[in-house]
Amino acid sequence: MKKNDTAVVKIEDIGINGEGIGKADGYTLFIKDTVMGDLVEVKVMKAKKNYGYAKLLRVIEPSKNRVEAKCLVAKQCGGCQIQEMDYQEQLQFKQKKVIGNLERIGGFAPEVLEKITQPVCGMDEPFHYRNKAQFPVGTDKDGKAVTGFYAGRTHQIIPNTDCALGVSQNQQILEEILSIMNENHIPAYNEQDCSGLVRHILIRYGFTTKEIMVCFVINGDNLPCADKFVDKLSQIEGMRSITFSKNKENTNVIMGKEIEVLWGDGYITDYIGNVKYQISPLSFYQVNPVQTEKLYKYALEYAGLTGEETVWDLYCGIGTISLFLAQKAKQVYGVEIVPQAIEDAKQNAELNDMKNAEFFVGKAEEILPAYYENYAKEHPGQQAHADVIVVDPPRKGCEEALLETMVKMQPDRIVYVSCDSATLARDLKYLCGEGYALEKVQVVDQFPNTVHTECVTLLQRSRGKK
Numbered sequence: 001m002k003k004n005d006t007a008v009v010k011i012e013d014i015g016i017n018g019e020g021i022g023k024a025d026g027y028t029l030f031i032k033d034t035v036m037g038d039l040v041e042v043k044v045m046k047a048k049k050n051y052g053y054a055k056l057l058r059v060i061e062p063s064k065n066r067v068e069a070k071c072l073v074a075k076q077c078g079g080c081q082i083q084e085m086d087y088q089e090q091l092q093f094k095q096k097k098v099i100g101n102l103e104r105i106g107g108f109a110p111e112v113l114e115k116i117t118q119p120v121c122g123m124d125e126p127f128h129y130r131n132k133a134q135f136p137v138g139t140d141k142d143g144k145a146v147t148g149f150y151a152g153r154t155h156q157i158i159p160n161t162d163c164a165l166g167v168s169q170n171q172q173i174l175e176e177i178l179s180i181m182n183e184n185h186i187p188a189y190n191e192q193d194c195s196g197l198v199r200h201i202l203i204r205y206g207f208t209t210k211e212i213m214v215c216f217v218i219n220g221d222n223l224p225c226a227d228k229f230v231d232k233l234s235q236i237e238g239m240r241s242i243t244f245s246k247n248k249e250n251t252n253v254i255m256g257k258e259i260e261v262l263w264g265d266g267y268i269t270d271y272i273g274n275v276k277y278q279i280s281p282l283s284f285y286q287v288n289p290v291q292t293e294k295l296y297k298y299a300l301e302y303a304g305l306t307g308e309e310t311v312w313d314l315y316c317g318i319g320t321i322s323l324f325l326a327q328k329a330k331q332v333y334g335v336e337i338v339p340q341a342i343e344d345a346k347q348n349a350e351l352n353d354m355k356n357a358e359f360f361v362g363k364a365e366e367i368l369p370a371y372y373e374n375y376a377k378e379h380p381g382q383q384a385h386a387d388v389i390v391v392d393p394p395r396k397g398c399e400e401a402l403l404e405t406m407v408k409m410q411p412d413r414i415v416y417v418s419c420d421s422a423t424l425a426r427d428l429k430y431l432c433g434e435g436y437a438l439e440k441v442q443v444v445d446q447f448p449n450t451v452h453t454e455c456v457t458l459l460q461r462s463r464g465k466k
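Sequential numbering from 1 applies to the sequence shown in the UniProt record's numbering.
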C-alpha cells in the first residue's frame, strides 16, 4: 500500500501505545482511535516497506469492546489514548503488555509467568482519579488565554478545563484563573519566541484531606495581579497553598527550581494508608492515591517484613514507599537524587514520628556502590548486607552498576516497582541471571484510560543457584 490509499480493515490486536493493528491484503497497519474487533475504513498516512500508519475515517462495525468516550475531546487530546476501550478490556490489554515484555525482553517462559502472575488490579471508578495535573497555558485564535492538554505528539493545546481524569475542582480553578488573565491582559507563554508569562498551572489535591494547591509556572520574576488571583482562589473550599515557580528557560521541563508562596502554605498534606505526607509543588507523589495504596500494600507484602529487617529504598522520592515500609522494618534507608525531595522525606518521617528511616541525597547508582565499598574498608572481612531492597526507578530503569551492587549485598528479597515493563523485563533478566528467582508479578492499573501501567514484582534469592 502507499500513502493516501484507503482500505477496510478488521482490528485484530492492540499495540503497546494503544493503537489498533489490522491488515489490508496482508499489509500491517497501525490505526489510532480503534479498538480490537472494530471493522473500520482508514486512510494510509505513512507507508513503509512492511507496515504503515493509517488514520481512522469511520467505524463501519463497532467492536463489542468499544464504548463512548466520557470526555468530548478524548480523540484530539493526547492524555487518554484508550478511553473508547471498555475498561475490562483495558485491564487485559495492560496485563498482556506486561507479560509480553517479560517474555520477549526478559526471556521468561510463558508457563512460568502464568503461574506467578496475579490477576490485574483495576479500579472501581476509572475516572477523576488524578490528584495532580499540570495544564499548559496558551492563546487561541482570538487572542484569549486557554488551557487544556497537548494533542498527541504535538505542543498544540486542546482547550479543556474539565478533564475526565482530574478532580472536579480543577474546572473552577482553571476558569477563575483564565478569567482574571483575560480581564487583565496577562499574556500566556508562547513557546515559539519564548514571550509571554504564564506557562503552566499546577494543581494538586489531597484525596483524604481535601486540601488544594495551585502553583503558577511563569516566565518572569513576578505574577501580575497576584492579589486578584489570591482573592478568588483562596475562597475555594479546601484551598491551602497558592504559589508560583519561576521558569525562564527555553525548555520542556515544566517546573522551575524554586517556589515562592503567594498565600497559605508551601505544601498540602495527604495520607497513604496510615502514613501522612507533606507535598510541595516539586514533590514526586503518585498521581492516583486509590491505586497507590494498593500498590504499596503489595510492595509491603512482598517485602515480607517482621520488624527485624534492614531495607534500602532506592529512588525514594519524598519517602512515600520508605515510610510505608518503616512501619514494619527495623531500619529503612532511602536514596533520591533530588535534594528537595529528601528534605520532604525527612520532614515526612518527623511528621509521622518515624525514627527508623534515614535518607541520602544522590544518584542511587552512585550512593549504593559507594556505601558498599566504604563498608568493606571500615569493616575488614565483612560486606554490607540488606535484608530487602526496594527499587522504584524512572522509566529508564536501573543502571547495571546499581544492579551489580544490589546482587553483592545479597538481599533475601528484591521488590521492583516499575512504570515501564520493558526496562523492568531487562533488569529482571539481569537479576535472575545473578541468583534471583522471579516469584510474583502484580500489574496495578495506576493510570486508567491511558496505555500506561504500574507493576510490582518479587524476586527471591536462590541460595547457591543461578
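For every residue, glycine included, the Cβ atom is placed at its ideal position computed from N, Cα and C.
Which of helix, strand or coil does DSSP assign to residue i?
i, result
"Y267", "coil"
"A151", "strand"
"S280", "coil"
"S179", "helix"
"Q171", "helix"
"T243", "strand"
"S421", "helix"
"Y375", "helix"
"M354", "coil"
"E249", "coil"
"I16", "coil"
"K465", "With a pLDDT of 49 at K465, under the threshold of 50, the predicted position of this residue should be treated as unreliable, and no value is reported."
"H200", "strand"
"C455", "strand"
"K10", "strand"
"L428", "helix"
"A188", "strand"
"A145", "strand"
"L262", "strand"
"I414", "strand"
At which residues does the alpha helix (DSSP H) containing residue i begin and terminate?
i, result
"I116", "110-116"
"G256", "First-last for G256: undefined, no H or E at that position."
"R130", "R130 -> no alpha helix (DSSP H), and no H or E assigned at all."
"Q88", "87-104"
"K440", "Looking at the DSSP string, K440 is not in any alpha helix (DSSP H); the run it does join, the beta strand (DSSP E), is 436-444."
"K232", "226-233"
How many angstroms separate the CA atom of residue i from the CA atom of residue j?
i, j, result
"E41", "K2", "15 Å"
"K466", "G435", "Confidence at K466 is low in this model, with a pLDDT of 47, below 50, so the placement of that residue should be treated as unreliable; the coordinate-derived value is given next. If I take the Cα positions, the gap works out to 4 Å."
"C80", "I31", "15 Å"
"V332", "I254", "32 Å"
"L459", "Y87", "30 Å"
"G266", "E373", "39 Å"
"G334", "T292", "18 Å"
"M239", "K246", "21 Å"
"Y53", "P126", "29 Å"
"H385", "Y285", "29 Å"
"Q83", "P380", "58 Å"
"P187", "Q92", "45 Å"
"R58", "R66", "13 Å"
"E309", "V388", "7 Å"
"E249", "I236", "32 Å"
"D412", "R461", "5 Å"
"T139", "Y129", "28 Å"
"I116", "N160", "42 Å"
"Q446", "H452", "8 Å"
Relative to the ligand GDP, is the shortest distance from any of its heavy atoms to the C-beta of residue i smaller than 6 Å?
i, result
"Y430", "Because no ligand of any kind appears in the structure shown, any question about the ligand GDP cannot be addressed here."
So, is residue i buried or exposed, given that buried needs 16 or more other C-beta atoms within 10 angstroms?
i, result
"V146", "buried"
"C194", "exposed"
"V9", "buried"
"N252", "exposed"
"Y206", "Residue identity check: residue 206 is Gly in the sequence provided, not Tyr. That one is buried."
"H185", "exposed"
"K264", "Per the sequence presented here, residue 264 reads as Gly, with Lys not at that position. By the 10 Å Cβ count, G264 comes out buried."
"S418", "buried"
"E454", "buried"
"Q90", "buried"
"D344", "buried"
"residue 472", "Residue 472 cannot be examined here, being either before or after the span of the chain that is shown, 1 to 466."
"K46", "exposed"
With residue i as the anchor, note down where its beta strand (DSSP E) starts and where it stops.
i, result
"I342", "From DSSP, I342 is part of no beta strand (DSSP E) but of the alpha helix (DSSP H) over 339-351."
"F447", "F447 -> no beta strand (DSSP E), and no H or E assigned at all."
"V214", "212-218"
"P159", "157-159"
For this session: Taking only runs that begin and end inside the region 380-412, name each unbroken alpha helix (DSSP H) of 4 or more residues, in chain order.
Result: 400-408
For this session: Could you tell me which uninterrupted beta strand (DSSP E) segments, each at least 3 residues in length, are contained entirely in the region 21-85, listed from first to last along the chain?
Result: 27-31, 39-47, 51-61
For this session: Entirely within the region 276-330 and at least 4 residues each: give me those alpha helix (DSSP H) ranges in chain order.
Result: 289-303, 320-326
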